[in-house]
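Reviewing the structure listed below.
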Amino acid sequence: MEELRVENWNELQDALFAESWIEEIGRHRSRYAFRGLSDARDRLETTLIRLGGDYAGLERHLLRNFRKYAHRRVVERDSVWHWLSVAQHYGLPTRLMDWTYSPFAALHFATADITRFDRDGAVWGANYLRTHQLAPARLRDQLDREGANVFTVEMLSESVASLDELDALCPEPYALFFEPPSIDDRIINQFAFFCVISDPHVALDDWLAEREGLARKIIIPAELKWEIRDKLDQSNVTERVLFPGLEGLTAWLKRHYSPRS
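If you read the sequence shown in my numbering, its first letter stands for residue 16, the second for the next number, and so on.
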């Protein structure tokens, strides 16, 4: 896995948009998913792993009870992928992990917490095309048939009916990236999608580290965070946009008017 420490804004832009030129279509279209961390030491662990205890054994109970108590109208179809997407979106511990197509949205999450400006942050980039080349043949074939680079919940629902089936497709753990339904404006504005690993015990950073050429980690020095934050604010990449509504507005105002000290 490549790890790169940038020293200024221009180096950061070059690192974020590296490999974005696609020769066959003559366009700049990055094939990377991005995730921002306010502390570079933080792991790529799911909320399910962070739950602790027998978290893998609790997964089915969490999802079963979420489906039982949540209103049926919150999902478009009664499939495990629709339910998982909604559950993750509303904060239930799941094996899903939030990513974004937008490097600037990832930068926001790396610099949104000003109480962590004393430590280095990071933006992870994972190449979803190369990641999917390691998926089981059934799933690779479906992407080929659809002419798609990333799964949708409908595509996954057609191929994999349950988490047990996902686990059983291959003895080795594998990862998939898929787009959730547009539940609300937050999903849309964050240009968000999810990553799922077939084995809930595996942390994504460990999985990526064992496979050459899938990911890179861009280290953001603590001393660069204020410049990044101010330039993102000037570009309207803020809580007010990424979290539409009064909670996002108040979070933006609180951070915007906080003293640098």
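We treat Cβ as the ideally placed atom computed from N, Cα and C, and that holds for glycine.
Quick caveat, the model's predicted, so the values are computed rather than measured.
Measuring only the C-alpha atoms, how far is residue i from residue j?
{"i": "GLY68", "j": "HIS43", "result": "44 Å"}
{"i": "TYR272", "j": "LEU264", "result": "12 Å"}
{"i": "PRO108", "j": "ARG58", "result": "16 Å"}
{"i": "HIS97", "j": "SER276", "result": "44 Å"}
{"i": "LYS246", "j": "ALA55", "result": "20 Å"}
{"i": "ARG79", "j": "SER100", "result": "14 Å"}
{"i": "GLU26", "j": "SER53", "result": "19 Å"}
{"i": "SER172", "j": "SER94", "result": "6 Å"}
{"i": "ASP200", "j": "TRP267", "result": "17 Å"}
{"i": "GLU22", "j": "ARG153", "result": "43 Å"}
{"i": "PHE119", "j": "VAL89", "result": "29 Å"}
{"i": "LEU73", "j": "SER213", "result": "16 Å"}
{"i": "PHE81", "j": "ALA33", "result": "40 Å"}
{"i": "TYR143", "j": "MET112", "result": "14 Å"}
{"i": "ARG65", "j": "GLU262", "result": "25 Å"}
{"i": "HIS123", "j": "GLY260", "result": "17 Å"}
{"i": "ASP179", "j": "PHE258", "result": "33 Å"}
{"i": "GLN249", "j": "ILE129", "result": "17 Å"}
{"i": "MET170", "j": "GLN157", "result": "8 Å"}
{"i": "PHE209", "j": "PRO195", "result": "7 Å"}
{"i": "ALA176", "j": "ALA30", "result": "38 Å"}
{"i": "GLY41", "j": "GLY106", "result": "40 Å"}
{"i": "ARG270", "j": "ARG20", "result": "26 Å"}
DSSP three-state call for residue i: helix, strand or coil?
{"i": "GLU18", "result": "strand"}
{"i": "ALA102", "result": "helix"}
{"i": "PHE119", "result": "helix"}
{"i": "LEU107", "result": "coil"}
{"i": "TYR84", "result": "helix"}
{"i": "VAL89", "result": "helix"}
{"i": "ALA125", "result": "helix"}
{"i": "ARG275", "result": "coil"}
Using DSSP bridges, identify the partner residues of residue i.
{"i": "ARG231", "result": "GLU17, GLY140"}
{"i": "ASP135", "result": "Bridge partners of ASP135: none, in fact."}
{"i": "ASP113", "result": "PHE209"}
Using CA atoms only, rank isn't needed, just tell me which of the options is closest to residue i.
{"i": "ARG92", "options": "VAL168, GLY136, ARG231", "result": "VAL168"}
{"i": "LEU191", "options": "ALA141, ASP200, GLU225, ILE235", "result": "ALA141"}
{"i": "GLN148", "options": "VAL165, ASP133, GLY136, GLU60", "result": "VAL165"}
{"i": "GLY136", "options": "VAL256, GLU242, PRO195, ILE233", "result": "ILE233"}
{"i": "GLN205", "options": "VAL89, GLU254, TRP222", "result": "GLU254"}
{"i": "ASP220", "options": "GLU180, TYR189, ASP199", "result": "TYR189"}
{"i": "ARG131", "options": "LEU19, ARG65, GLU242, ALA237", "result": "ALA237"}
{"i": "SER35", "options": "ILE64, LEU19, SER117, SER250", "result": "SER117"}
{"i": "GLN28", "options": "ILE243, ARG46, SER213", "result": "ILE243"}
{"i": "ALA127", "options": "ARG50, PHE209, ILE198", "result": "ARG50"}
{"i": "THR115", "options": "VAL175, TRP139, VAL256", "result": "TRP139"}
{"i": "VAL252", "options": "PRO215, ALA121, ALA30", "result": "ALA121"}
{"i": "GLN103", "options": "GLU161, THR146, VAL211", "result": "VAL211"}
{"i": "PRO186", "options": "ALA150, ILE37, GLU227, TYR70", "result": "ALA150"}
{"i": "GLU18", "options": "LEU239, ALA230, PRO274, TRP241", "result": "ALA230"}
{"i": "TRP222", "options": "THR61, PRO274, ALA125", "result": "THR61"}
{"i": "HIS216", "options": "TYR47, ALA71, PHE193", "result": "ALA71"}
- [ ] Enumerate, from N- to C-terminal direction, the unbroken alpha helix (DSSP H) stretches of 4 or more residues contained entirely within the region 145 to 195.
- [x] 152 to 161, 168 to 174, 178 to 183
TODO: For the region 24 to 82, list the alpha helix (DSSP H) runs that are entirely contained and at least 4 residues long, ordered along the chain.
DONE: 24 to 31, 62 to 66
Open item on the list: Runs of 3 residues minimum, wholly inside the region 199 to 265: which ones carry the beta strand (DSSP E) assignment?
Closed with: 207 to 212, 230 to 235
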